[in-house]
Each structure stands twice: as structure tokens, then as C-alpha cells.
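Quick notes on the structure that follows.
There are 2 protein chains.
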Amino acid sequence: MHMRISDLGEFGLIERIRKTASRSTRRAPIGIGDDAAALLLSPSATLLATTDMLIEGVHFDLKTTDLFSLGWKSAAVNLSDIAAMGGEPRFCLTALGIPPSLTVEDITEFYRGVTTCLKKFGAVLVGGDTCASPKEFVISVTMLGESERKRMITRSGAKPGDLIYVTGTLGDSAAGLELLAAGAKSRNPGVGKLIEKHLRPVPRIAEGRKLNISGIVSSMIDVSDGLSSDLGHICEQSGVGAEVFADRMPLSKELRSVNSLARPALEFALSGGEDYELLFTSPVEREREIMSLRVRATVIGAITRKKSMHLVTEKGAVHPLAPGGYEHFRRGQQRGSAR
Amino acid sequence: MHMRISDLGEFGLIERIRKTASRSTRRAPIGIGDDAAALLLSPSATLLATTDMLIEGVHFDLKTTDLFSLGWKSAAVNLSDIAAMGGEPRFCLTALGIPPSLTVEDITEFYRGVTTCLKKFGAVLVGGDTCASPKEFVISVTMLGESERKRMITRSGAKPGDLIYVTGTLGDSAAGLELLAAGAKSRNPGVGKLIEKHLRPVPRIAEGRKLNISGIVSSMIDVSDGLSSDLGHICEQSGVGAEVFADRMPLSKELRSVNSLARPALEFALSGGEDYELLFTSPVEREREIMSLRVRATVIGAITRKKSMHLVTEKGAVHPLAPGGYEHFRRGQQRGSAR
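Chains A and B supply the protein sequences, listed in that same order.
Sequential numbering of the first sequence, starting at 444, is according to the numbering used here.
Sequential numbering of the second sequence, starting at 444, is according to the numbering used here.
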């Protein structure tokens, strides 16, 4: 009993999607169904806008993700960019290129994932576009949020001496992807948790807000490409370097205990990517204040004047730390995950 | 001397794109290069947001469009949605899925088309995403604009007795597409003009603003799917019907004179699509005021209480008018053009 999208047509499909989203709200007096959505921001707010595209075969594999999780993740990776600016998410637009292989139920399930994630973080679906795609499922999400004027945390404010923090744990998502690709079933609860972190990441919205409002964070980014890459972005845009301590890396007990992984836990943490945790810097004298914010952050290193990145091992050896995360278009780049 | 994107990498490509766009402006204090763009609207404005996806092989064919025109059109179709709400365009985000066949020069040329079009209509590129696509070139554009609060023209305000207007001429773009597909060269200036209208449509931003500010327009939509389809959207959302007069249809002299077309000019005008003209309604007693706005609009019919659409021929015969424009996912739908 799978309904083909051609049985419903484009406008029938839009009508279905409209039902899963709200047609209009106080903040979105005109939602899905007109030429453009009409949206209200708080007076004097700064608008935040970000967009991310996910393509089947490049960012995800329909053999290893269900449609609900894919919808959730498509929203979550964009919400994470709003979190990294310290903003409040408000509105979401989704453009989908839908291949003939997907059914109406698939698309409905995808949108259930999107709207469930949005709702959990205070945002609403207000518009989009649907079209036919010859082969791959293509997802493009735009997230709009807001922040107080002059209160946004960019990537460019890190200063020498600042401590480097990261929320949550690192490496779980990349380990989950490896387990998924190897066909691991999630009977083992540890494996299940790593896979869940890969399929349904949690954007750190509340943490980003607290850090922004505190006024003591000098730079922030979300960990999407991998810690070494994303810290590289902060260093480059701030004109500084960094020293990271291997033994400070926050590793989950699941990542430490699952022994079917091909690489050491530290490697997943340093270059795995897709953790969607917040990586931020703050002056060293503010450490107690940061800890009092209860954002589950760990100090993993310090910003240096010297413009290079290093990893200090448990035994005190110093190694250069190269950005090792994911970058599109690199030769020999392996595929298979979203960022 | 074509540079492959893999020689440059994702971050190198983003740096190139950033150079074609402005890094920050008064209205966009944080543009390309951070987690999200930070944008300022006029105090008390309503934010307008719209998104459109274009996929190679579905919406365009790289054999019949150059990259500059494709960039222009990707921006223009989204600008047209802002025009249809009576808004001022402000900010643009582009997400691209780039196949291995495209070079750095291709993408640079694409962005030159995007930014040339944006600049002409007062908007700036503030962010986006680039990723690898296995086969098709995928383009997703989000346009943000603004309008005075409580001043937006939706699709749902048409009233029985209102006159139906359309700006410019209809059918040129669809005729241009047919000529392109048939391999017509643009030596004939008439053919060239029709093809240009297809490849580089002009969004009716100034016209939309004038119509909005006038306060006498009851509903508006842009002609993207085709007149009969788009008028159908107004009728459905307003709960009314329409009568359209065949001999009032604004046809360009190029469309009337090119005789290598397979279908009559009227047919292109009624169901061709992609004209990106503004279709709107206004009370009959306001006709002189509408004409004084100088938006190059033609009266093509009237809104009726009866909820169906009819075409009145030159000789006075009345035929049912079915929505005949483009709809994605319809069985047997021919491909090859953007909307």
C-alpha cells in the first residue's frame, strides 16, 4: 500500500506537507502555500540565516538511515549552525529533489522527522519547494533564527591564552557511521548509542544561547567537519594557533568500550566530524563562570599566539595537528556522511 | 586551462565565491564564511522568505544554457517570488551540489550570473553551501526580502468582479524553450529575444513594489507554472472563479511573428509558464489608478463568483480553462524547464 508521488501530484504533495506543518502562526502569519512566507522577528533582532544541502550517496545512504532520522538530521545540522552563532532558531524552509523510488509515505516520514526536530528546538516549517530528481534524493534546508543585535559569537574572536572548550563528547558520530557501514546491528546498547548519535544528532541550541548571553565567549563554531578542521577555521579566522591535549578529549564510555572499531577512539574524536557539539573559546580567568553555566563543556586546550595547531599527547610529546576532517571535492575523499 | 574543483578544494572554492560576493555590508554585518549570516532588516519590517530548487535534466539543460544565464535565472526565479508578495529583496543564500564535470571557471561564471542579477535588484549574496554531487548539477536558492508589516499581497484576496491583470507579455519563455530544444540559433532577432526571455527572465520587483504600495491590489502571484495554473492557484485560494478573454492576452510581437513554432501563440501564453510576470487582481473601479502606476499591465479578464475558470474566445465562445501549466511528478510530464 505505498502511494506513488505521481498519484498525488506536486500540489497534492504540498497539501500533505502543509498538514504536517502549521499553516500560519503568530510569528509566521503566512506560512506554506503562498509565493513566499511572511515572518515576524522580535523588534531590533538580528536575523541569522544558514543553509545546508544533503545529497544521497554523498551525505547519506538510504540503506543505513530511515526517513524519519534523515528528516531529523537535515533539520538538526542547520539548527546547529544557528546554535554556533548563539541564536534562537525560528523558521525553516526545505527544498527537496525527490527521486521516483520514494513513496508518499517516505516523504511524509521525512517531514515528520523534520518537524519533530524543529518543534523540539522552537522552530517551525514555513516554506519550501518540491521537485522531481532523476536519481538521487536531494535535500536543501535553510534555517532562520534570531539573536540580540550586536550579540553574536563569530569564528574570529579567539585570543591567545583563551581556553578551548567543547560541549558533550567527540567522535561518537563518526564511530557510529563506521559501525553502520560495517552492517553492525544495534543490539549492543553501546553500538546503538553511537549509531543514534550519527543518525539523529542533537543541536546544542540551549547551550549556544547560554554561552551567548554570558558575554564571555570569544569565538564559537559547531563541530561538523571534525574537531581539527573546525578548530582550524577558528584559528585561521582569528589569526591564532592552538594547543590541544589528547588526554582532555571528552570521549563517551560507548566510544571507549566498543571494540569492533578499526581506529583508536582519539582519532574519531580529532577528525571524525558530524558531532554537532559546540567548540568555543573564552578567556582563562572566566573558566569558573563557564563551568557555572552548566553546558557540559570540557576544556581541551588553549589558544596560542603561534599560528599553528599542535596535539600534546598524554606523555607530553607535541605533534603537529593538521585539519583532518571532511572537505568536499578533495581527491580520494571517501563518501558517505553528512556535514 | 580549466581548473578542476578538486585542485582548489571546498574551502578554496568558498574563498573564491566570497570574493565575488561582498564579505560584509551595512545590512549584512556577517556574510559568507561563518556558521550563519547575520542580517539586519528595517525596524518593524516583515521578513519574506522563499526557496526554489533547480536540478539539471529536470529544470535546465547545460547544452542549452550558459552558466552565467543559469546563475541569473536561479536568482531571478526566487526574486520573482519576493516580487509577487510586493516585497523588497535583500539577501540570498545558495546551496550547490556540483558534479565532477564542472570546472572552477564554470562555478565562477555561475556566481557572476547570480550576483549580477542580485545587484540589479538590490539584493546581496550572504551565504550558502557547496558540496559534491555524483551526477547532476543541483542548485538551491533561498531569497529573503522585506515588506512593511501588514502590507503583503497574498494569493487569497481576489473578489468576484475584480479585474485580472498581467504585467508584460505571456508565452515568450515557453516559446524560447521550444526554440532552444529544436536547436534554433538566435540569428533571427525575434528568436533571440524569446530565447533570452527563457534564459534570463526579469523579475518584476519594481512593479510588485508599486502594486503593493498602491494598496488597491487584492491578490497577486508570479506566472511560473503557466497562466492557467497560476490563475488557478489564485481562484482556489480565494474561493472564486475567473473568465479570461483570449483576445486580451498580451502577446509580444516576437511570439506573434516567429513562425517556426509548433503551437499557436495563445497556447504558449495560456499554459507555457516561466514568464515570471505578475498576475494580479484589483477592484474594477480602480482600473484608472492601476493604469496610472505604469507597471505595463494588461486587463485579461475578471474574477467570477462561480468557482470555475473559462476562456472566452474572440468570437464569444466560452470554453472551460483547465490548469495546464507545469506540475512536478505528473505522469507523462515532459521535462526540460525551470519553475
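Ideal Cβ placement from N, Cα and C applies to all residues, glycine included.
None of these values were measured; they are calculated from a predicted model.
- Rounded to the nearest whole angstrom, the CA to CA distance from lysine 578(A) to proline 543(A) is 7 Å.
- Against chain B, the beta carbon of proline 577(A) has neighbours under 7 Å at Gly500, Val501 and Glu579, listed in chain order.
- Beta bridge pairing from DSSP links glutamate 697(B) with no other residue.
- Exposed is the label assigned to serine 487(B), since fewer than 16 other Cβ atoms lie within 10 Å of its Cβ.
- Close CB contacts of alanine 538(A) within its chain, under the 6 Å cut and outside five residues either way in sequence, are with Gly571, Asp572 and Ser583 (chain order).
- Within its own chain, the residues whose Cβ lies closer than 6 Å to the Cβ of glutamate 499(B), once the five positions on either side in sequence are excluded, are Glu579 and Phe580, listed in chain order.
- Judged by their CB atoms, alanine 481(A) and leucine 587(B) are not nearer to each other than the 8 Å cut-off.
- In the structure shown, isoleucine 659(A) falls within a coil segment according to DSSP collapsed to helix, strand and coil.
- The DSSP assignment places 708-714 and 730-735 as complete runs of the alpha helix (DSSP H) inside the region 697-740 of chain B, in order along the chain (cut-off: 4 residues).
- Counting C-beta pairs with one atom in each stretch, the region 519-531 of chain B and the region 641-656 of chain B have three or more that are closer than 8 Å, which means they touch.
- Cβ neighbours of serine 512(B) within its own chain (closer than 8 Å, five residues either side excluded): Gly556, Leu642 and Arg643.
- The Cβ atoms of aspartate 673(B) and leucine 637(B) do not sit closer than 8 Å to each other.
- Membership of isoleucine 638(B) in any beta strand (DSSP E) is not indicated; the residue belongs instead to the alpha helix (DSSP H) covering 632-642.
- Assignment of alanine 566(A) by DSSP, reduced to helix, strand and coil, places it in the coil class.
- Secondary structure note for valine 683(B): it is in no alpha helix (DSSP H), with a DSSP letter that is neither H nor E.
- Residues are counted here when their Cβ sits less than 9 Å from a Cβ of chain A; for the region 487-499 of chain B these are Ser487, Ala488, Thr489, Leu490, Leu491, Ala492, Thr493, Thr494, Asp495, Met496, Leu497, Ile498 and Glu499, given in chain order.
- Of all alpha-carbon atoms in Lys562(B), Gly715(B), Phe711(B) and Val687(B), the one lying nearest the alpha-carbon of leucine 754(B) is that of Val687(B).
- A direct Cα-to-Cα measurement between arginine 706(A) and arginine 699(A) gives close to 11 Å.
- Sixteen is the threshold: since fewer than 16 other Cβ atoms of the shown chains lie within 10 Å of the Cβ of histidine 762(B), the residue is exposed.
- Burial is judged here by how many other beta carbons sit within 10 angstroms of a residue's own beta carbon; serine 703(A) has fewer than 16 and is exposed.
- For aspartate 549(B), none of the residues of chain A pass the 9 Å Cβ criterion, the least Cβ distance being about 13 Å.
- In the DSSP annotation of this structure, glycine 619(A) is not part of any beta strand (DSSP E); the continuous alpha helix (DSSP H) holding it starts and ends at 615-624.
- Distance from histidine 676(B) to arginine 598(B) at the Cβ level is roughly 6 Å; contact confirmed, criterion being Cβ atoms closer than 8 Å.
- Leucine 490(B) is not a Cβ neighbour of leucine 497(B), given a cutoff of 8 Å.
- With its beta carbon less than 8 Å from one in chain B, alanine 480(A) belongs to the interface.
- Residue contact check for aspartate 524(B) against chain A: a CB pair falls below 8 Å.
- Taking the Cβ atoms as the reference, serine 671(B) lies roughly 5 Å from leucine 713(B), within the contact range of under 8 Å.
- The beta carbon of aspartate 572(A) falls within 8 Å of a beta carbon belonging to chain B, placing the residue at that interface.
- Between aspartate 615(B) and aspartate 718(B), the CB-CB gap stays under 8 Å.
- Lysine 516(A) and valine 547(A) have their C-alpha atoms spaced approximately 19 Å apart.
- Checking the DSSP bridge columns, you'll see tyrosine 608(B) partnered with Phe723(B) and Val742(B).
- Glutamate 732(B) counts as exposed, since fewer than 16 other beta carbons sit within 10 angstroms of its beta carbon.
- Rounded to the nearest angstrom, the Cβ distance from valine 609(A) to isoleucine 743(A) is 6 Å, consistent with a contact under 8 Å.
- Where isoleucine 582(A) is concerned, the enclosing beta strand (DSSP E) starts and stops at 581-591.
- Among the CB atoms of chain B, none fall inside 8 Å of the CB of aspartate 718(A).
- Contact check for aspartate 504(A) against aspartate 665(A) fails: the beta carbons are separated by 8 Å or more.
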